Each structure stands twice: as C-alpha cells, then as structure tokens.
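Reviewing the structure listed below.
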Amino acid sequence: MTPKGEELYRAPYQHPVYIGDCHLALSSDTEWRVFDMKGEVVFSIIRPRSDRNRGEARFSKPLFFFPLGLGEEYEVYDVERERATGVRRFNGAILAVLDLSDSSVLVADYVGIQRFQIVNGEFEISPMYVFESPVSEETRVLAWVDDRNAYFAFDIYEAQSLLTLPLNGEPVQRLLFPAEWRMDDGDYGFKEGFNILSLARRYHTFDRAKLIWAPEETLSQASFYLDMSNDIEIEQTASAVKGKHGYCIRVKDKSVNKAIRSAASELSRLIHETCDHPLGWEGNILDKKFDGKFHVEIHSPDKPSEFEREYLVNFVAEFRDNLYFKPAKSKASLAVEVVWKEWKAA
298 MTPKGEELYR
308 APYQHPVYIG
318 DCHLALSSDT
328 EWRVFDMKGE
338 VVFSIIRPRS
348 DRNRGEARFS
358 KPLFFFPLGL
368 GEEYEVYDVE
378 RERATGVRRF
388 NGAILAVLDL
398 SDSSVLVADY
408 VGIQRFQIVN
418 GEFEISPMYV
428 FESPVSEETR
438 VLAWVDDRNA
448 YFAFDIYEAQ
458 SLLTLPLNGE
468 PVQRLLFPAE
478 WRMDDGDYGF
488 KEGFNILSLA
498 RRYHTFDRAK
508 LIWAPEETLS
518 QASFYLDMSN
528 DIEIEQTASA
538 VKGKHGYCIR
548 VKDKSVNKAI
558 RSAASELSRL
568 IHETCDHPLG
578 WEGNILDKKF
588 DGKFHVEIHS
598 PDKPSEFERE
608 YLVNFVAEFR
618 DNLYFKPAKS
628 KASLAVEVVW
638 KEWKAA
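Start counting the sequence shown at 298; every next residue gets the next number (the working numbering).
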C-alpha cells in the first residue's frame with residue numbers, strides 16, 4: 298500500500314459500501330469516495346441524504362451512479378477510465394442496475410429500463426422496456442440475470458410482477474403474481490443452474506415458498522401453484538374439551554416427500570386460520586374452536602428418512618415455540634401426532 302493508501306487504511310467501515318473487481322466505494326455521512334486497489338482515492342463526491350429509493354447510489358461493474366440529491370440527476374462514473382462522465386437525468390430515481398455479460402448495464406427507473414454501454418469511450422443508451430404506468434419511490438426491485446434472460450421482480454404496494462427480458466431481443470414477458478403470493482426477503486437470483494425467487498403467502502405470515510425455474514422455461518400463472526399431493530383429506534375430530542375440536546390431515550401419495558410437504562402446507566394454513574397471531578391479526582382467524590391438536594396420517598409406499606420423519610413435528614414446534622402461535626381464545630398449545638401408513642397406489 299502506498300503512503301496515499303493510508304487514507305483507505307484509516308477510513309472507518311461504514312455502510313453502504315461497494316467492493317468491485319478493481320475498485321471499492323466507501324461512504325461516510327457526507328461523502329462517497331472511490332478507491333483503487335492501491336488504496337488511493339481516485340474520485341469523491343458529496344453524498345446526499347437518502348429517502349426510500351431517492352438519494353441511493355447504485356453500482357455496476359463498469360459504471361457507478363452517484364445521486365446529486367433527492368431529485369433525478371446522477372453523476373455517472375466510468376470505473377475503468379477512473380473518470381466522471383457527466384450528469385445524467387433519470388425518471389424519478391434509479392431503482393436497480395444489472396450487469397450483463399457483454400459489459401453493458403441495464404438501469405431501471407420509474408418509467409422503464411434502459412441499456413447503458415460504453416463504446417470507444419462514449420455512451421450508447423438504448424431503451425429496453427417502458428412500463429405501462431410509472432412506478433413510485435415505494436417500489437422495491439430485485440434484479441438478476443441468467444444465460445438467456447434478465448429478470449426484474451417488482452414489489453409495488455399490493456401489486457407484484459416479474460419482467461423477463463430475453464437477451465436475444467425477443468419480446469419481454471410480464472407476469473403478474475396471483476393475489477395469494479407476494480415477494481419475500483429470502484434468496485433470489487441465478488444459482489446452480491436455476492432461477493430462484495422467494496415468495497410468501499400474503500395473509501399467512503410465516504408460510505413461505507420458492508419459485509424455481511430453469512432459463513429455458515417459460516413462466517405462467519400455473520408456475521405459482523404448489524406441487525402438492527392430489528389426495529388430501531381434512532376433517533374435524535372430536536376433542537376432550539367441550540365445544541372444541543381438533544383436525545385430522547390425511548395425505549396419500551407415492552412420494553412420501555411430496556406427502557410431507559403437502560401436510561406441512563395444510564398445517565400452516567390451518568394454524569393461520571385458527572390461532573392467535575403474534576402480531577394480533579385477530580380479524581383473519583376463521584375458526585376459534587380449535588383445541589390445538591393435529592393428527593396427521595401420511596400414506597405412502599416410500600419410507601421417510603430420519604429428517605422427513607421429524608419434519609412435521611419440528612414444523613409445528615416452530616410455530617408454537619419460536620413464533621408464539623396458539624389456538625385462539627384458548628390457553629392450549631399446538632401439538633401434532635404423525636402416523637405413518639403404507640399405501641399402495643391403484
């Protein structure tokens with residue numbers, strides 16, 4: 298590290314911070330500084346206050362976008378040439394940037410998506426997609442790319458959608474989420490050859506899922522339907538407590554794993570419909586006579602593994618012990634009995 302690099306050594310670790318291949322950007326309360334790998338400052342700019350998406354710096358491999366305030370103007374920094382390229386105006390604020398394999402960058406703002414590329418030291422900017430209606434500063438965007446498509450997932454109040462932009466120039470696909478599902482805060486992106494987007498049931502606080510698809514697959518509304526068993530029976534059972542009842546969940550499937558996942562989904566649904574929520578959402582409780590007792594029967598020719606055998610018991614325990622769900626209007630606790638039965642499909 299050169300003597301000038303001591304400035305990086307002394308710099309306090311603050312958020313946000315961006316670490317690139319050959320440069321890093323560190324922030325303080327009032328300033329952004331860009332360092333090279335020698336630890337020398339190659340660029341600095343005043344950091345404005347931020348509010349929601351406004352005032353947030355955005356980083357890609359070839360370009361850094363530094364806001365000049367809460368408005369629409371950004372200083373665009375060319376990382377390779379270590380120089381500011383000038384002020385550019387966007388619509389509203391930049392919501393997301395996404396690196397592509399050809400060193401171009403997709404930039405999403407309030408009205409659409411543009412493609413930025415540096416050719417012979419000059420910018421080439423081309424529109425990629427225009428939204429049907431502008432989004433707002435409340436919008437949350439997740440962006441990633443696989444070897445065929447770029448993806449932008451939008452969380453706009455109660456509306457959720459996924460844009461698929463084919464890299465070969467084919468038409469953009471816009472997929473609206475079913476009302477049942479919303480974007481979650483879990484994993485997303487392209488991993489191990491598959492795209493992943495974490496979801497949660499809109500009115501079931503702790504019921505989550507992952508939408509997983511290969512690059513060559515085309516998503517549709519049907520993609521949001523869970524791969525569950527077709528043979529599921531649910532019935533109320535007699536209770537030792539007067540005026541109360543339990544639930545029996547009976548699942549038959551050639552795959553014991555699918556049967557277990559199906560039972561877990563129904564357990565989650567029933568818990569949300571019968572139990573006091575930790576956030577006090579009493580209005581969503583549909584059944585206030587549940588005694589807390591579940592009886593689950595898994596009918597399958599497969600033998601469960603040790604993990605699968607304990608899964609449903611641990612699943613209910615998580616709701617009871619860590620998430621503090623309990624039957625509505627009751628001092629009872631959640632409990633589940635799991636019975637494994639061999640079943641031969643017709």
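Don't be surprised by glycine CBs; every beta carbon is placed ideally from N, CA and C.
Owing to the predicted nature of the structure, the values given are computational and were not obtained by experimental measurement.
Residue 371: first and last residue of the uninterrupted beta strand (DSSP E) it sits in: 370-375
What does a CB cutoff of less than 6 Å around residue 437 pick up in its chain, not counting 5 residues either side in sequence? 452
Beta-carbon proximity of residue 390 to residue 375, cut-off 8 Å: no
Contact check, residue 632 vs residue 604 under 8 Å by CB: the rounded distance? Rounded, the Cβ-Cβ distance is 21 Å, inconsistent with contact.
Residue 643, DSSP secondary structure in three states: Here the model assigns residue 643 a pLDDT of 47, short of 50, so the residue's position is not dependable, and the following value carries that caveat. The answer is coil: DSSP assigns residue 643 none of H, G, I, E or B.
Using beta-carbon positions only, say whether residue 582 and residue 560 come within less than 8 Å of one another. no
Of the residues 567, 410, 358 and 360, the one placed nearest residue 533, counting alpha carbons only: 567
When DSSP labels each residue in this structure, what does residue 390 get in the three-state scheme? coil
So, does the stretch 537-556 touch the stretch 513-520, judging by three or more C-beta pairs under 8 Å? no
With a 10 Å radius around its C-beta and 16 neighbouring C-beta atoms as the bar for buried, classify residue 623 as buried or exposed. buried
Taking 6 Å as the limit between beta carbons, can you name the residues of its chain near residue 381, skipping five residues before and five after? 372 and 374
Would residue 594 and residue 553 be called neighbours here (beta carbons separated by less than 8 Å)? no
Tell me the DSSP secondary structure of residue 616 in three-state form. helix
Distance check for residue 537 and residue 484, CA to CA, integer angstroms please. 43 Å
Rounded separation between residue 498 and residue 574 - CA only: 15 Å
Backbone CA spacing between residue 491 and residue 448 [nearest angstrom]: 13 Å
Check this for me: beta carbons of residue 338 and residue 361, under 8 Å apart or not? no
From residue 610 to residue 313, what distance separates their C-alpha atoms? 41 Å
Residue 631 (DSSP reduced to helix, strand or coil): coil
Exposed or buried, which one is residue 589 when buried takes at least 16 other CB atoms within 10 Å? buried
Whole-angstrom Cβ separation of residue 602 and residue 550, contact assumed at under 8 Å? With 8 Å as the limit, residue 602 and residue 550 do not qualify as a contact, their Cβ atoms being about 15 Å apart.
I need the DSSP call for residue 661, collapsed to helix, strand or coil. This structure cannot speak to residue 661, because the chain is shown only from 298 to 643.
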